[in-house]
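Asks: Residue numbers (our numbering): 80 to 405.
We put the CB at the ideal spot given by N, CA and C, even for glycine.
Quick caveat: nothing in here was measured; it's all calculated off a predicted structure.
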């Protein structure tokens with residue numbers, strides 16, 4: 080029962096974080112269409128960038144709050160102990176499990192049905208201190224990412240189109256069509272960057288908080304149902320552990336957390352903490368591990384990676400055919 084609830088919580092948190100990213104991505108694309116001039120993308124980008132960065136900062140803070148609430152609830156379900164509130168406040172020795180559910184439900188936008196154990200008290204580990212995230216560094220990363228994927232991308236495409244027109248490879252109609260494609264492509268890449276920068280807040284909080292949480296022994300990566308090969312490969316590792324001793328006992332690997340927490344634009348993967356060797360683990364990890372073993376048998380290095388990429392792509396095509404009814 081606890082494992083089912085944790086599994087549903089983990090998946091729900093991943094989806095809720097994805098909604099935050101998608102919300103700001105849509106805002107960034109809409110602002111791009113209103114503010115950017117096709118023949119002068121960089122020169123006209125100032126107001127767009129200011130608006131986009133403000134949206135990213137607001138939703139990144141929401142991502143952090145959601146991640147903190149999620150960690151408190153998952154830890155309570157997995158260990159019977161939780162963390163202090165992320166926002167501080169008066170110290171509390173215990174908190175009802177239902178209160179943790181209600182807080183998470185409000186932040187994630189998912190309803191919580193009353194459960195028999197809602198009044199059950201959960202001990203709070205009062206000595207835990209939440210990490211102080213470097214918001215200035217995240218602001219700077221967002222500024223660079225949005226500028227490069229938006230205006231810089233558009234300027235490069237514009238220069239190529241102007242060169243093609245000057246050389247006679249594009250007539251006026253072709254040039255205008257290229258401008259439309261350029262604007263659409265740049266707004267899309269900038270939106271993808273905004274999505275990642277929003278999710279950076281919650282991801283960084285989970286990474287830093289679980290790294291200092293003494294009850295966490297490792298991590299696993301969870302993906303959506305149709306991830307890219309890179310994300311599937313990371314998920315195939317299953318649990319990776321903080322210490323070599325635990326890894327040996329559990330038959331797993333020692334974690335390189337920086338490696339496990341690599342994300343690309345429009346990636347909605349999350350890492351989840353592991354609290355015990357026999358606790359909840361993502362079911363999908365075993366499936367990706369089996370696919371890796373089957374597709375890379377007798378191969379190593381880049382050959383193994385390419386074979387796995389092809390296997391993931393084939394699986395993705397099969398999923399899409401089934402979903403379309405073909």
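What separation, rounded to the nearest whole angstrom, lies between the Cα atoms of residue 174 and residue 127?
Replies: On the chain shown, residue 174 is found 95 positions in, with the first residue counted as 1. On the chain shown, residue 127 is found 48 positions in, with the first residue counted as 1. Rounded to whole angstroms, residue 174 to residue 127 spans 44 Å at the Cα level.
Asks: Quick check on residue 320: does DSSP put it in helix, strand or coil?
Replies: To locate residue 320, count along the chain shown from 1; it is residue 241. Strand at residue 320.
Asks: May I have a chain-ordered list of the alpha helix (DSSP H) segments no shorter than 4 residues that lie completely inside the segment 143-200?
Replies: With a minimum length of 4 residues, the continuous alpha helix (DSSP H) runs that stay inside the segment 143-200 are 176-187.
Asks: Taking all protein chains shown into account, do 16 or more other C-beta atoms lie within 10 angstroms of the C-beta of residue 341, making it buried, or fewer, making it exposed?
Replies: The residue labelled residue 341 in the question sits at position 262 within the chain shown. It counts as exposed.
Asks: Helix or strand or just coil, what does DSSP make of residue 222?
Replies: Translated into positions along the chain shown, residue 222 becomes position 143. Residue state, collapsed to three classes: helix.
Asks: On a CA-only basis, which of 199, 284 and 110 is nearest residue 179? Give me that one, please.
Replies: On the chain shown, position 100 is the one that residue 179 refers to. Looking at the Cα atoms, 199 is the closest of the given residues.
Asks: Does the Cβ-Cβ distance between residue 146 and residue 284 come in under 7 Å?
Replies: As a position in the chain shown, residue 146 is number 67, starting the count at 1. As a position in the chain shown, residue 284 is number 205, starting the count at 1. Going by C-beta atoms, residue 146 is nearer than 7 Å to residue 284.
Asks: Should residue 138 be labelled buried (16 or more other beta-carbon atoms within 10 Å of its own) or exposed?
Replies: Walking along the chain shown from the start, residue 138 turns up at place 59. Buried, because 16 or more other Cβ atoms sit within 10 Å of the Cβ of residue 138.
Asks: Can the beta-carbon of residue 353 be found less than 7 Å from the beta-carbon of residue 390?
Replies: Mapped onto the chain shown, residue 353 falls at position 274. Mapped onto the chain shown, residue 390 falls at position 311. Cβ atoms of residue 353 and residue 390: not closer than 7 Å.
Asks: Only counting runs of 3 or more residues, tell me where the beta strand (DSSP E) segments fall wholly within the segment 330-401, in order along the chain.
Replies: As far as the segment 330-401 is concerned, its whole beta strand (DSSP E) runs of at least 3 residues are 349-353.
Asks: Do three or more CB pairs link the segment 356-368 to the segment 303-316 at distances below 8 Å?
Replies: Segments in contact, yes.
Asks: Return the chain-ordered list of same chain residues with a C-beta closer than 7 Å to the C-beta of residue 85, the five sequence neighbours on each side being excluded.
Replies: Numbered from 1 along the chain shown, position 6 holds the residue referred to as residue 85. Cβ within range, chain order: 153, 156, 157 and 359.
Asks: Who pairs with residue 300 in a beta bridge, going by DSSP?
Replies: Within the chain shown, residue 300 is the residue found at index 221, counting from 1. Note: residue 300 sits in a beta bridge opposite 350.
Asks: Find the nearest neighbour of residue 345 within the set 229, 267, 280 and 169, judged by alpha-carbon distance.
Replies: Within the chain shown, numbered from 1, the residue matching residue 345 stands at position 266. For the residues 229, 267, 280 and 169, the minimum Cα distance to residue 345 belongs to 267.
Asks: In this structure, does DSSP put residue 243 in helix, strand or coil?
Replies: In the chain shown, counting from the first residue as 1, residue 243 sits at position 164. In the structure shown, residue 243 sits in a helix (DSSP, three-state: H, G or I).
Asks: Taking three-plus beta-carbon pairs below 8 Å as touching, is the segment 263-283 in contact with the segment 294-305?
Replies: With a cut-off of 8 Å, the segment 294-305 and the segment 263-283 do not count as touching, because too few Cβ pairs lie within range.
Asks: Over what stretch of residues does the alpha helix (DSSP H) that includes residue 111 continue unbroken?
Replies: To locate residue 111, count along the chain shown from 1; it is residue 32. From DSSP, the alpha helix (DSSP H) with residue 111 extends over 81-114.
Asks: State the DSSP-derived secondary structure class of residue 227, mapped to helix, strand or coil.
Replies: The count along the chain shown starts at 1 and reaches residue 227 at position 148. Three-state result, residue 227: helix.
Asks: Determine the direct distance from the alpha carbon of residue 261 to that of residue 253, and round the result to whole angstroms.
Replies: Counted from its first residue, the chain shown places residue 253 at position 174. Counted from its first residue, the chain shown places residue 261 at position 182. Taking the straight line joining both Cα atoms gives about 12 Å.
Asks: Tell me which residues share the same chain as residue 142 and place their Cβ nearer than 7 Å to its Cβ, disregarding the 5 neighbours each side in the sequence.
Replies: Taking the first residue of the chain shown as position 1, residue 142 is located at position 63. For residue 142, where only same-chain residues beyond five positions count, the Cβ hits under 7 Å are 96, 99, 277, 278, 280 and 281.
Asks: Helix, strand or coil: how does DSSP classify residue 202 here?
Replies: In the chain shown, the residue the question calls residue 202 occupies position 123. Strand at residue 202.
Asks: Would DSSP call residue 210 helix, strand or coil?
Replies: If you number the chain shown from 1, residue 210 lands on position 131. Note: residue 210 maps to coil in three-state DSSP.
Asks: State the DSSP-derived secondary structure class of residue 259, mapped to helix, strand or coil.
Replies: By 1-based counting over the chain shown, the position of residue 259 is 180. Looking at residue 259 - three-state DSSP - the assignment turns out to be helix.
Asks: For the putative contact between residue 269 and residue 225, defined by C-beta atoms under 8 Å, what is the C-beta separation to the nearest angstrom?
Replies: Numbered from its first residue, the chain shown carries residue 269 at position 190. Numbered from its first residue, the chain shown carries residue 225 at position 146. Right, their Cβ atoms sit about 6 Å apart.
Asks: For residue 123, which of 241, 110, 134 and 135 has the nearest alpha-carbon?
Replies: Walking along the chain shown from the start, residue 123 turns up at place 44. For the residues 241, 110, 134 and 135, the minimum Cα distance to residue 123 belongs to 110.
Asks: Does DSSP put residue 294 in a helix, in a strand, or in coil?
Replies: For the purposes of this step, residue 294 is taken as residue 215 along the chain shown, with counting starting at 1. Of the three classes helix, strand and coil, the one that applies to residue 294 here is coil, per DSSP.
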